[in-house]
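This report refers to the structure that appears directly beneath it.
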Amino acid sequence: VTALLPWTSLAAPRSAPPCRQLATLRTTRPLCGLREAGDEAHSSKKRHVALMFGFRGTGFYGLQSQSAEGTPGQPTVSDALRRALLDAGAVLPSNFSPLTRTKWTLASRTDKGVHAARAAVSLKMETLDSQLEPLLSPLLDTSGTLPGQFEPLLSPLEPAERAAGPPPQPRLALTAAAVAEINSHLPPEVRLFGGCTVRKSFHCRECASSRSYEYLLPASALGGMGVAEFDAVLSTFEGSHKVHNFCSGLRGKGWGCWEHDGESWPLALDPSRRQGAAFAYRSVLFCGVHRSVVLRGQEHLVLRIAGVSFMLHQIRHMIGTALAIAHGLVPRDTLALALRSPLQVDISPLAPGAGLLLDEIRWFDLGKRAEDLAFPPSAHAAAEAFKEASLYPHVAERLASEESLERFLGRMRDSFGGAKHYSAADYARLRRVNAGLAEATLPGHFLDTS
């Protein structure tokens, strides 16, 4: 299975040194070991930059630190990266804590054990001019062409409108030597791929326009369902839907039941308030089978899920639901119903996190029809190489050695993995009650009918 995805990519904790010992040295010697002739005469500049990095999440307690100093016994990926930047001279000891001193902002969060091919962070970083070079990847597409996944979100703009506004400012990228210096202070599980300067007001998380994830799944996990049919099931998630039935901790309590012709079904959201339930909506740009790879002598499917943002455990619940349908435990039509209705429909067992990885983040300015941030092609090439050589084999080994997927499939067949085992009569009642809800004439009720 290849080319099913219409999505193209852009091309050991250590103690901090005492501030008084290093502060003076690093005001004129950022990124130790990279100084060229004449650099000693120039002070470093604190520039706003974005960094792209990847990591194997095994052994880390997620990506984000709760504090600048970290939590003893619970190392995070951010801890390792910030210590490496400190040791390389890219962050001054006096600015190491608190996080606000460097405007440290991660573009996303990942749970414990989840991996990433292209995570990102923005921060104020100490640099010398010799450690930067012109960024060759253009940020503005003057033709006005949009990446396909964003086209439905915009109405066409006239050329004059596209040309309005100031021209983009020149961007600079970290040199290969600067990237290599920082990597020399990182553990092999964490790799920096590149970095570039960004505008002063850039916020790595709030300016992100989309995030894409991959889930590595052995083809044998589909049971008797074919790959094409499984891809079609996954595509049901595409679009803007209520996702309260496919994430953790979003279902409201105390809404009671909806009654219709003497039958009832529990409500997860208030059916009379569309605006009050806006928090339950998420937009999925793509969900399907991207390609297949052979690992450990077994075919694995690379599932790709791209969206504007995701709720807690949403992707793992989506994968679990698709697998439940593939194994004949859930009627296929119930998936679309659960995405449109405020009823509580427990059909989404939580798939193992071992197969999940963050693949890419995009920063596309919909108003300007331009990339707000685009890392150099060399950074994306390094990220792809890391994913193929390190992440995929590691994920496949974990899925096989820990038998996490086999245990999940066994629990799903036996007890539905924590979700509810509805009978055929239950599903028939659900359809009737949902049909009654669709016919209701409550002012402002928000049952989707599309």
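Quick note, our numbering runs 13 ahead of the 1-based positions in the sequence shown.
Backbone N, C-alpha and C define an ideal beta-carbon position, used for all residues, glycine too.
Item	Value
Gly320 - partner residues in DSSP beta bridges	Arg224 and Val297
Arg444 versus Pro355: straight-line alpha-carbon distance, rounded	13 Å
Beta-carbon proximity check, Leu314 vs Ala398, cutoff 9 Å	no
Secondary structure of Ala129, DSSP reduced to three states	strand
Contact under 9 Å by Cβ, Val246 with Arg353	no
For Asp385, the first and last residue of its enclosing beta strand (DSSP E)	Ala383 to Leu386
Beta strand (DSSP E) segment containing Asp142, residue limits	Segment: none, Asp142 is in no beta strand (DSSP E) and carries neither H nor E.
Cβ contact (3+ pairs, closer than 8 Å) linking the region 312 to 330 and the region 418 to 428	no
Rounded separation between Ala241 and Gln311 - CA only	18 Å
Per-residue burial, Leu325 [other beta carbons within 10 Å of its own, 16 or more giving buried]	exposed
Whole runs of the alpha helix (DSSP H) within the region 209 to 262, excluding any shorter than 4 residues	240 to 248
Where His326 sits in the DSSP three-state scheme	coil
Close-in-space but distant-in-sequence residues of the same chain around Ala293 (CB under 8 Å, 5 per side omitted)	Lys255, Val256, His257, Leu263 and Leu282
Continuous alpha helix (DSSP H) stretch holding Ile195: start and end	Ala189 to Asn196
Three-state secondary structure assigned by DSSP to Pro344	coil
Alpha carbon of Thr89 to alpha carbon of Ser225, nearest angstrom	21 Å
Asp13 burial status per 10 Å Cβ neighbour count (16 or more: buried)	Here the chain has residues from 14 to 463 only, and residue 13 is not among them.
Whole-angstrom distance between Arg375 and Phe66, CA atom to CA atom	14 Å
Gly207 vs Leu404 beta-carbon contact at 9 Å	no
Through-space distance from Val446 to Glu276, alpha-carbon basis	7 Å
Rounded straight-line distance, which links the Cα of Glu139 to that of His434	56 Å
Spatial distance of Ser156 from Phe377 (CA atoms)	With a pLDDT of 35 at Ser156, under the threshold of 50, the modelled position of this residue cannot be trusted, and the question is left open.
Spatial neighbours of Ala367 in its chain, beta-carbon cut-off 7 Å, leaving aside the 5 residues before and after	Gly126, Val408, Arg411, Leu412, Glu415 and Ser417
For His61 and Phe215, believed in contact at Cβ under 8 Å, the rounded distance	7 Å
For Leu412, the first and last residue of its enclosing alpha helix (DSSP H)	Tyr405 to Ser414
Integer Cβ distance of Arg122 from Leu76, believed to fall under 8 Å	6 Å
Same chain only: Cβ atoms within 6 Å of Ile332, ignoring 5 sequence neighbours per side	Tyr228 and Ala364
Continuous beta strand (DSSP E) stretch holding Pro279: start and end	Glu276 to Pro279
Counted within 10 angstroms of its Cβ, other Cβ atoms place Gln327 as buried (16 or more) or exposed	buried
In DSSP terms, what Arg204 is bridged to	Gly67
Reduced DSSP secondary structure (H/G/I, E/B, other) of Val446	helix
Three-way DSSP call (helix, strand, coil) for Lys400 in this model	helix
Sub-9 Å separation of Leu119 and Ser143 beta-carbons	no
Glu452 (DSSP reduced to helix, strand or coil)	helix
Cα-Cα separation, Ala50 to Leu316	Residue placement at Ala50 cannot be trusted, given a pLDDT of 43 that sits under 50; what the coordinates show is reported in the next sentence. Going by the C-alpha atoms only, they are around 49 Å apart.
C-beta atoms of Pro406 and Arg304 nearer than 9 Å	no
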